[in-house]
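Trainee:
Protein chains in written order, with my numbering: chain Z, 33 to 443; chain A, 22 to 191.
1) What residues from chain Z crowd round residue 81 (chain A), counting only those whose CB sits closer than 9 angstroms?
2) If you follow the alpha helix (DSSP H) that residue 366 (chain Z) is part of, which residue opens it and which one closes it?
3) Classify residue 382 (chain Z) as helix, strand or coil using the three-state DSSP reduction.
4) Using the beta-carbon count (16 or more within 10 Å), is residue 371 (chain Z) buried or exposed?
5) Does the beta carbon of residue 354 (chain Z) sit closer than 7 angstroms to a beta carbon anywhere in chain A?
6) Report the three-state DSSP secondary structure of residue 45 (chain A) (helix, strand or coil).
7) Taking the beta carbon of residue 22 (chain A) as the centre, do at least 16 other beta carbons fall within 10 Å, making it buried, or is it exposed?
8) Please identify the residue among Z:344, Z:345, Z:316, Z:352 whose C-alpha is closest to the C-alpha of residue 332 (chain Z).
9) By the three-class DSSP mapping on this structure, what secondary structure does residue 408 (chain Z) have?
10) Have a look at A:188, A:50, A:152 and flag the residue whose alpha-carbon is nearest the alpha-carbon of residue 89 (chain A).
11) Under 7 angstroms between C-beta atoms, does residue 185 (chain A) make it to chain Z?
12) How about the stretch 286 to 300 of chain Z and the stretch 201 to 212 of chain Z: do they share at least three Cβ pairs that are nearer than 8 angstroms?
13) Using 7 angstroms as the threshold, is the C-beta distance between residue 298 (chain Z) and residue 406 (chain Z) below it?
14) The beta strand (DSSP E) that contains residue 160 (chain Z), what's its start and end?
15) Taking C-beta to C-beta, are residue 422 (chain Z) and residue 323 (chain Z) nearer than 7 angstroms?
16) Of the residues that make up the stretch 399 to 427 of chain Z, which ones have a beta carbon closer than 8 angstroms to any beta carbon in chain A?
17) Name the chain Z residues that come within less than 7 angstroms of residue 57 (chain A), Cβ to Cβ?
18) Under 8 angstroms Cβ to Cβ from residue 184 (chain A), same chain only, skipping five residues before and after it: list those, please.
19) Just the C-alpha distance for residue 136 (chain A) and residue 57 (chain A), rounded to the nearest angstrom, thanks.
20) Residue ranges of each alpha helix (DSSP H) run of no fewer than 4 residues wholly in the stretch 231 to 316 of chain Z, ordered along the chain?
21) Got a sec: which bits of the stretch 135 to 158 of chain Z sit with their beta carbon under 9 angstroms from any beta carbon on chain A, in order along the chain?
22) Which stretch, first to last residue, makes up the beta strand (DSSP E) that contains residue 127 (chain Z)?
23) Helix, strand or coil for residue 178 (chain A) per DSSP?
24) Please report the distance separating the alpha-carbon of residue 124 (chain Z) from that of residue 48 (chain A).
25) Quick one: complete beta strand (DSSP E) runs, 3+ long, within the stretch 96 to 139 of chain A?
26) So, for residue 430 (chain Z): in the same chain, excluding its five sequence neighbours on each side, which residues have a beta-carbon less than 6 angstroms away from its beta-carbon?
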């Protein structure tokens, strides 16, 4: 019997703990390579530093503050908290990416913070994006992040690994988001909770960088501690066992018969094929976020709406994920195309995802969005019904004023 | 052993349910967050908490956002223990980091109980005449709660010689 390949997470944790090997379930302290903070937590971290008499970071070059959740700040209390966090960051002398730079995880990709085999901590649950580049990228809360900022270390439990093997070629209208919604529907959270997920198979190996980041971003919705995608052609050399060994826990998913999917309110885990909702009215479409706010996503929706008009009944908001994405979308003409069609294109950032800036949906309204989660009240109004989908399904709905059927989609 | 009053909550619970995002961007003080706990999901529940309560869930508790304010807000309400069959991993860490014990346990026999008598050290919950066992937390985590949370523990260890476990040194 061939030896079982050592899971990637064990190899990274062992390296950063100064050990030859580690066992699943062990509680360890490890060195971290980088820490980044977003504005939903930086005011709390400033408060924790003050409460505990702290004033230093382990390495100002490896700590960054990103302001992405409240870009156009909607009220006085939030403005005051942002002001506190900005002053705190300046006092620490860390890197600062101010309002308008983009979502922390997209900034992380652009700045090259996710290095294969590195341990990267972010004060945002979608830090798991870093798994697209084989970083052990962990989302954590304010106290964890503050402790890592001070010490350059963190504590963790070595997770068990589950392999997710995707086979088959998806239909022309099926996007990575649909595969993720199907994974959440079929396997639920129990299959992945606390575990490290290693994606394998030709589908995931063929993904573009934007799509790989999109897939990795939803690791937290799966319940995983971390995810790893295989290295893409031309990507930096990863630490890669490419296949599971005998006795490993492997889940199989065939995507060849998969339909475009739409999740039902108020959970990302309950999705249905798009035809089940086809025809029902949609009031508000939002495209963006760390899951679907990249150039590939904006290119797709711009191509779709070109020469068409957004349905008059639909509020259509598009938020590029980062300043670079925004500039690239302007250069390529995508922003003009979207605006001409009737979309509102906002400054870069997290946009409407979390109800901390516009646009908040109306009570009783139906929202279709490319966000990664649709918990009750997520966008700031618990009386709106939020559905999740790919950018293709969302933008098609913006033109039609209703959920599309498969016949409305390409292929 | 410590005695807690049971406050049952039903269904998968996200950290968005525990504290809606806008409040964490407006307030850092747990006392200002506390009145808004479960505001969207269980309106009115926040006002019913008493100091020393245990929130007992019947499904996965604390999924989604990394917001530690979900824990500080529960602490602000007086919650001193969370029990659920499973947890969102970031919420679980945040609980221990802030000194709020989170116990992973099948809760069918607990949700209808009036109160629980819990020992972290021995891994036991006494409910009426029944004793329910759970995997007692690692010594590090009990140490963290005893110290008053992760940051307090790290600062307590400041300057101490690096132990064989290579702990975090401030």
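All C-beta atoms in this analysis are idealised placements derived from N, C-alpha and C, irrespective of residue type, glycine included. Remember, it's a predicted structure, so these values are computed and weren't measured experimentally.
Mentor: For this structure:
1) 221, 222, 225, 255
2) 366 to 373
3) coil
4) exposed
5) no
6) helix
7) exposed
8) Z:352
9) coil
10) A:50
11) With a pLDDT of 41 at residue 185 (chain A), under the threshold of 50, the modelled position of this residue cannot be trusted; read the value that follows with caution. Chain Z contact via Cβ: absent.
12) yes
13) yes
14) Neither: residue 160 (chain Z) is in no beta strand (DSSP E) and is coded neither H nor E.
15) no
16) 405, 407, 408, 409, 410, 412, 414
17) Result: empty, since nearest Cβ-Cβ is about 11 angstroms, beyond 7 angstroms.
18) Caution is warranted here: a pLDDT of 49 is assigned to residue 184 (chain A), below 50, making its placement in the model unreliable, and the coordinate value is therefore given only provisionally. Here the set comprises nothing.
19) 24 angstroms
20) 234 to 237, 241 to 249, 251 to 254
21) 154, 155, 156, 157, 158
22) 127 to 129
23) coil
24) 22 angstroms
25) 100 to 105, 123 to 125
26) 317, 342, 346, 348
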